[in-house]
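Peer 1: Submitted below is the structure of interest, expressed as structure tokens.
Number of protein chains: 2
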Amino acid sequence: MPTQTKENYLKAIYYLQQRNKTATISELAEEMQVNKSTVTEMIKKLADRGWVDYQKYKPIRLSELGQVEAAQIIRKHRLTEMFLVDIMGFGWEEVHEIAEEVEHLKSESLFDRMDRLLGFPDADPHGSPIPAKNGELYRRPYKALSNYRVGDTLRLKAVIDNTDSLLAMLTDKQIGLGTEFNIKKVEPFDKSMVVDYRNCEGITLTHEVCRRLMVEQIN
Amino acid sequence: MPTQTKENYLKAIYYLQQRNKTATISELAEEMQVNKSTVTEMIKKLADRGWVDYQKYKPIRLSELGQVEAAQIIRKHRLTEMFLVDIMGFGWEEVHEIAEEVEHLKSESLFDRMDRLLGFPDADPHGSPIPAKNGELYRRPYKALSNYRVGDTLRLKAVIDNTDSLLAMLTDKQIGLGTEFNIKKVEPFDKSMVVDYRNCEGITLTHEVCRRLMVEQIN
DNA sequence: ATTTTTATTTAGTACAACAAAAATAAAAAG
DNA sequence: CTTTTTATTTTTGTTGTACTAAATAAAAAT
Numbered sequence: 258m259p260t261q262t263k264e265n266y267l268k269a270i271y272y273l274q275q276r277n278k279t280a281t282i283s284e285l286a287e288e289m290q291v292n293k294s295t296v297t298e299m300i301k302k303l304a305d306r307g308w309v310d311y312q313k314y315k316p317i318r319l320s321e322l323g324q325v326e327a328a329q330i331i332r333k334h335r336l337t338e339m340f341l342v343d344i345m346g347f348g349w350e351e352v353h354e355i356a357e358e359v360e361h362l363k364s365e366s367l368f369d370r371m372d373r374l375l376g377f378p379d380a381d382p383h384g385s386p387i388p389a390k391n392g393e394l395y396r397r398p399y400k401a402l403s404n405y406r407v408g409d410t411l412r413l414k415a416v417i418d419n420t421d422s423l424l425a426m427l428t429d430k431q432i433g434l435g436t437e438f439n440i441k442k443v444e445p446f447d448k449s450m451v452v453d454y455r456n457c458e459g460i461t462l463t464h465e466v467c468r469r470l471m472v473e474q475i476n
Numbered sequence: 258m259p260t261q262t263k264e265n266y267l268k269a270i271y272y273l274q275q276r277n278k279t280a281t282i283s284e285l286a287e288e289m290q291v292n293k294s295t296v297t298e299m300i301k302k303l304a305d306r307g308w309v310d311y312q313k314y315k316p317i318r319l320s321e322l323g324q325v326e327a328a329q330i331i332r333k334h335r336l337t338e339m340f341l342v343d344i345m346g347f348g349w350e351e352v353h354e355i356a357e358e359v360e361h362l363k364s365e366s367l368f369d370r371m372d373r374l375l376g377f378p379d380a381d382p383h384g385s386p387i388p389a390k391n392g393e394l395y396r397r398p399y400k401a402l403s404n405y406r407v408g409d410t411l412r413l414k415a416v417i418d419n420t421d422s423l424l425a426m427l428t429d430k431q432i433g434l435g436t437e438f439n440i441k442k443v444e445p446f447d448k449s450m451v452v453d454y455r456n457c458e459g460i461t462l463t464h465e466v467c468r469r470l471m472v473e474q475i476n
């Protein structure tokens, strides 16, 4: 059974792999805010327990086992977030921190019950998919809003790299999952977008924001 | 901030104090299933941090601070149990283990939210009182069913020393909080009681059971 | 007053998580 | 293809938590 720290390493590798197919010692050291030597040591331990495939000086990848282990932690995290929002009434910008703690609980029955009470949801409150218990995950092929152009109509399906402050801003602007955007203008200078949605017109979203809004096209 | 282990020591001292006004090294060693020397060492650390009043060879007591600290853990435990039963639909015999884990979470807002959703309950699903955040606790003056005699009518208000198997047995016998008992007979030989309740008549409860059923008299 | 019980001290183990500095390997640049 | 740079690993060492066994001391009981 991994400790909390080891679980956090597994998560970090999982996310890095998702971005870059692979993880490096340096990336992990940056991510975990520790010395590279600490990471090397830790990776050896994870390799010993069969959670990562590792040969020295080579990039790191999760093993089958580690993949499942990591996915289960992420499953717990995302189920918890969904539970906190849907059942307990928290705002979507409040739940990440709490879920960071709860995801390390061992009681499987707790998470199974959440799952059932929520009707076996397939995404968390930010639209991130919830892995199955066996580690499988259906990733939807959404693209970022920043990839579209004037005239396109898009529905918000997920927010990635979501920090509390980003989510709070979106809430403030009345943007949530399901919101439908019409792109009115794209500024060539800074790639910011002017969009309409709901009863809001001519709202400017910076590129930094648009990069994080994952949408599906509906026209 | 206490570690999980230290929190468990605080709880253990709290419970022992409740029974005996005070806790000893030996009792704690037995309770925590560790060597006495381990306990001595740990108690010194707790004393250093101001959670227990301790002089060597003398009995141990929680300090004001330790009292509050312990009460808060117990608050979290009991709120969690209540939440698991009332909101999540677990049976009262299923929740102790889960709550043992959840009680160590640091997110205050989670427990505050549980509290609110439950309507600020004053007892857990087994009738044990829930401490306030400041550590205060209103202990009701219930007595054990075993203290009463033939002809008395009693309402079940709490189950103490509740193990999962005891609770499962009570559920099986259709006994729950609020159940009203009529004492029909008390066997002098083994102090077992024959009682009527609901639609059940002539049910025998051993002394071991009756000692753990805390009741109020209603006639 | 001596024995027994209980508690403490001492000395040590094991493990987790970390870092600094030196050594080494791999990759990039010349 | 050698040199330089960068990335990684090794070595050595720290800190903290939780624990034990054996020796000793204090308190309680006979």
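Which chain is which? The protein sequence lines are A and B, in order. Numbering (the working numbering) for the first sequence: 258 to 476. Numbering (the working numbering) for the second sequence: 258 to 476. The beta carbon of each residue, even a glycine, is placed where N, CA and C say it ideally should be. These figures come from a predicted structure and were not determined experimentally.
At a CB distance below 9 Å, what residues from the region 378-396 of chain A approach chain B? Give them in sequence order.
Peer 2: none
Peer 1: Compare the C-beta of V359 (chain B) against all C-beta atoms of chain A and say whether one is closer than 8 Å.
Peer 2: yes
Peer 1: State the start and end residues of the unbroken beta strand (DSSP E) segment that holds G348 (chain A).
Peer 2: Run containing G348 (chain A): none; DSSP gives neither H nor E here.
Peer 1: Quick one: does R370 (chain A) have its CB under 8 Å from some CB of chain B?
Peer 2: yes
Peer 1: Name, please, each residue of chain A whose Cβ falls closer than 7 Å to the Cβ of L362 (chain B).
Peer 2: The contacting residues are E358, V359.
Peer 1: Quick check on this structure: which residue in B:L424, B:L273, B:S366 has the alpha carbon closest to the alpha carbon of L285 (chain B)?
Peer 2: For L285 (chain B), the nearest C-alpha among the options comes from B:L273.
Peer 1: Pick out the complete beta strand (DSSP E) segments inside the region 280-328 of chain B, 3 residues or longer, and give them in chain order.
Peer 2: For the region 280-328 of chain B, not a single whole beta strand (DSSP E) run of length 3 or above is found.
Peer 1: Could you tell me which residues DSSP puts in a beta bridge with V359 (chain B)?
Peer 2: None; V359 (chain B) has no bridge partner.
Peer 1: Consider the Cβ of F438 (chain A): report whether some Cβ of chain B lies at a distance smaller than 8 Å.
Peer 2: no
Peer 1: Report the rounded CA-to-CA distance for L322 (chain B) versus W308 (chain B), giving the unit in angstroms.
Peer 2: 6 Å
Peer 1: Could you give the distance in angstroms between the alpha-carbon of M289 (chain A) and the alpha-carbon of Y266 (chain A)?
Peer 2: 8 Å
Peer 1: Can you name the residues of chain A whose CB is closer than 8 Å to the CB of E354 (chain B)?
Peer 2: S364
Peer 1: Consider the Cβ of M345 (chain B): report whether some Cβ of chain A lies at a distance smaller than 8 Å.
Peer 2: yes
Peer 1: So, are the CB atoms of E437 (chain A) and I387 (chain A) less than 8 Å apart?
Peer 2: no
Peer 1: What is the DSSP secondary structure of Y271 (chain A), reduced to helix, strand or coil?
Peer 2: helix
Peer 1: How big is the Cα-Cα spacing for M345 (chain B) and P382 (chain B)?
Peer 2: 13 Å
Peer 1: Using only alpha-carbon positions, find the residue among A:Q312, A:L427, A:E360, A:M339 that is nearest to I331 (chain A).
Peer 2: A:E360
Peer 1: What does L374 (chain B) reach in chain A if we use C-beta pairs closer than 9 Å?
Peer 2: I344, M345, G346
Peer 1: Is S385 (chain A) buried or exposed, if buried means 16 or more other CB atoms sit within 10 Å of its CB?
Peer 2: buried
Peer 1: T262 (chain A) by DSSP, collapsed to three states: which one?
Peer 2: helix
Peer 1: With H, G and I counted as helix, E and B as strand and the rest as coil, what does DSSP make of L413 (chain B)?
Peer 2: strand
Peer 1: So L367 (chain B) contacts chain A; which residues on that side make the cut at Cβ distance below 7 Å?
Peer 2: Here the neighbours are I355.
Peer 1: Count the other CB atoms, across all protein chains shown, that sit within 10 Å of the CB of C467 (chain B); report buried if there are 16 or more and exposed otherwise.
Peer 2: C467 (chain B) comes out buried.
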